[in-house]
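Enquirer: Each residue of the sequence shown is one higher than the last, beginning at -19 in the working numbering. A virtual CB, placed ideally from N, CA and C, is assigned to each residue, including glycine.
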Amino acid sequence: MKQSKMLIPTLREMPSDAQVISHALMLRAGYVRQVSAGVYSYLPLANRVIEKAKNIMRQEFDKIGAVEMLAPALLSADLWRESGRYETYGEDLYKLKNREKSDFILGPTHEETFTAIVRDSVKSYKQLPLNLYQIQPKYRDEKRPRNGLLRTREFIMKDGYSFHANYDSLDVTYDEYKAAYERIFTRSGLDFKAIIGDGGAMGGKDSQEFMAITPARTDLDRWVVLDKSVASFAEIPAEVQEEIKAELLKWMVSGEDTIAYSSESSYAANLEMATNEYKPSNRVVAEEEVTRVETPGVKSIDEVAAFLNVPEEQTIKTLFYMADGELVAALLVGNDQLNEIKLKNH
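Okay, structure coming up:
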């Protein structure tokens, strides 16, 4: 294919609406174009990359005996009501009706569909284990699509589902899948970590996520030149160089999550699942008589601490949540932050 026959609409300037460097470069190089918030067209160059990634995945999943199929993206709501997720999945679920007023969804994931197929088709444990997967568009009504292709309303996902007669068989397949993903990411040249994650709406007992690590930027001078259309960084007045660098650095950070990991072991987890040794404060405070104090117009804990002229760590804040129809109160030291995912899983 000659380049003159390809659709490669490049851009001369940095796109003003790009939030991260990866998004800006894909737009400038003619890989993608935005159709609406969180929805993109993949132009010929991007489609070639996608097909190459799919082929790498197919090769590695073939090695572990996974079989590819394709389920519909338009799903009846009946199966989701049967599993209970039609009501519990949340506002990210696209819900719609056909002309007969029957309820449907656009699939964000396909556990119900694959399980129903296997339930109706597999008649003996001798047909297990069964390992199925697909590569297809998925849909989630993200409240705030952002970071280019990292957080979108329509995206391409490989999702796999295995079925087993016992947990020992499941554990074997789990390890095979993990090894397959590691080979895929290694072949793709990614610096990544397998971390402990939260299953979230997907559910499940154990969950791991693979995170591509965002490298530290060491070429800020070069990007300043590209962004500001100047011959060299030295042309920019010294008094504004650091300000420009700081703003550009914020723009160039393309990660969407933060992880905690050990430099002395293989431990890694996202912040929703990370654990650490609890070290209570040993500060001794003299006991005083409890008194009621009015705090008019004071709402946040830092305002309360300032009003009472005490450190935040000497205050307690109470947060209220509704869980399964019951009121739950969480008490924290004033300067601590509550991890709502951990509270939910407690």
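For I1, does the three-state DSSP call read helix, strand or coil?
Expert: In the sequence shown, the residue the question calls residue 1 occupies position 21. Helix.
Enquirer: Short check: CB of A145 to CB of L86, under 8 Å?
Expert: The residue given as residue 145 occupies position 165 in the sequence shown. The residue given as residue 86 occupies position 106 in the sequence shown. Going by C-beta atoms, A145 is not nearer than 8 Å to L86.
Enquirer: Hey, how far is the Cα of T(-10) from the Cα of L23?
Expert: Here residue -10 refers to the residue found at position 10 of the sequence shown. Here residue 23 refers to the residue found at position 43 of the sequence shown. About 11 Å.
Enquirer: Looking at the unbroken alpha helix (DSSP H) that takes in M37, where does it start and where does it end?
Expert: For the purposes of this step, residue 37 is taken as residue 57 along the sequence shown, with counting starting at 1. Segment 24 to 43, the alpha helix (DSSP H) holding M37.
Enquirer: Could you give the C-beta distance for E292 and G314, rounded to a whole number, given that I count them as a contact under 8 Å?
Expert: Taking the first residue of the sequence shown as 1, we reach residue 292 at position 312. Taking the first residue of the sequence shown as 1, we reach residue 314 at position 334. With 8 Å as the limit, E292 and G314 qualify as a contact, their Cβ atoms being about 4 Å apart.
Enquirer: Taking the beta carbon of T238 as the centre, do at least 16 other beta carbons fall within 10 Å, making it buried, or is it exposed?
Expert: Position 258 of the sequence shown holds residue 238. So T238 counts as exposed.
Enquirer: Quick check: K21 and V29, are their CB atoms within less than 8 Å of each other?
Expert: The residue given as residue 21 occupies position 41 in the sequence shown. The residue given as residue 29 occupies position 49 in the sequence shown. Lys is not the amino acid found at residue 21; the sequence shown has Ser there. Cβ distance not < 8 Å, so S21 and V29 don't count as in contact.
Enquirer: Assuming A248 is part of the beta strand (DSSP E), what are its boundary residues?
Expert: The residue given as residue 248 occupies position 268 in the sequence shown. Looking at the DSSP string, the run of the beta strand (DSSP E) that includes A248 is 248 to 250.
Enquirer: Three-state secondary structure (DSSP) at G128?
Expert: By 1-based counting over the sequence shown, the position of residue 128 is 148. Reduced to three states, the DSSP call for G128 is helix.
Enquirer: Please work out which residues of its chain come closer than 6 Å, Cβ to Cβ, to P(-5), disregarding the five sequence neighbours upstream and downstream, and give them in chain order.
Expert: Numbered from 1 along the sequence shown, position 15 holds the residue referred to as residue -5. Contacts found: A4, L7.
Enquirer: For Y113, list the residues DSSP reports as bridge partners.
Expert: Translated into positions along the sequence shown, residue 113 becomes position 133. BP columns for Y113 point to E48, G140.
Enquirer: Identify, in the order they occur along the chain, each residue of the same chain with its Cβ nearer than 6 Å to the Cβ of I176, setting aside the five sequence neighbours on each side.
Expert: Position 196 of the sequence shown, counting from 1, holds the residue named residue 176. The answer, listed in chain order, is A249, M253.
Enquirer: Using the Cα positions of F143 and D151, report the straight-line distance between them to the nearest angstrom.
Expert: On the sequence shown, position 163 is the one that residue 143 refers to. On the sequence shown, position 171 is the one that residue 151 refers to. If I take the Cα positions, the gap works out to 11 Å.
Enquirer: List the DSSP bridge partners of E244.
Expert: Position 264 of the sequence shown holds residue 244. According to DSSP, E244 bridges with nothing at all.
Enquirer: Anyone know if the C-beta pair for S2 and G169 falls short of 8 Å?
Expert: The sequence position of residue 2 within the sequence shown is 22, counting from 1. The sequence position of residue 169 within the sequence shown is 189, counting from 1. Result no, Cβ atoms of S2 and G169 do not sit closer than 8 Å.
Enquirer: Along the chain, where does the alpha helix (DSSP H) that runs through A327 open and close?
Expert: The shown model of the chain, from -19 to 326, leaves out residue 327, and the question about it has no answer.
Enquirer: Assuming L307 and I296 form a contact by the criterion Cβ under 8 Å, report the distance between their Cβ atoms to the nearest whole angstrom.
Expert: What you label residue 307 is simply residue 327 of the sequence shown in a count that begins at 1. What you label residue 296 is simply residue 316 of the sequence shown in a count that begins at 1. That pair is no contact at about 18 Å.
Enquirer: Roughly how many angstroms separate the alpha carbons of K118 and S56, rounded to a whole number?
Expert: Residue 118 sits at position 138 when you count from the first residue of the sequence shown. Residue 56 sits at position 76 when you count from the first residue of the sequence shown. Between K118 and S56, the C-alpha separation is close to 15 Å.
Enquirer: Give a yes or no on whether the C-beta atoms belonging to A46 and F94 are separated by under 8 Å.
Expert: Along the sequence shown, read from residue 1 onward, the residue named residue 46 stands at position 66. Along the sequence shown, read from residue 1 onward, the residue named residue 94 stands at position 114. Cβ distance not < 8 Å, so A46 and F94 don't count as in contact.
Enquirer: How would you call S209, buried or exposed, if buried means at least 16 neighbouring beta carbons within 10 angstroms?
Expert: Residue 209 sits at position 229 when you count from the first residue of the sequence shown. Confidence in S209 is poor, its pLDDT being 49 and thus under 50, which makes the residue's placement unreliable; the coordinate value appears in the next sentence. Flag for S209 reads exposed.
Enquirer: Counting C-beta neighbours from all protein chains within 10 Å, is the total for V270 16 or more, i.e. buried, or is it exposed?
Expert: Reading the sequence shown from its first residue, position 290 is the one you call residue 270. The residue in question, V270, is exposed, as its Cβ has fewer than 16 Cβ neighbours within 10 Å.
Enquirer: Drop a sphere of 10 angstroms on the beta-carbon of I329, count the other beta-carbons inside from all chains shown, and report buried for 16 or more, exposed for fewer.
Expert: The question about residue 329 has no answer, for the chain in this structure spans -19 to 326.
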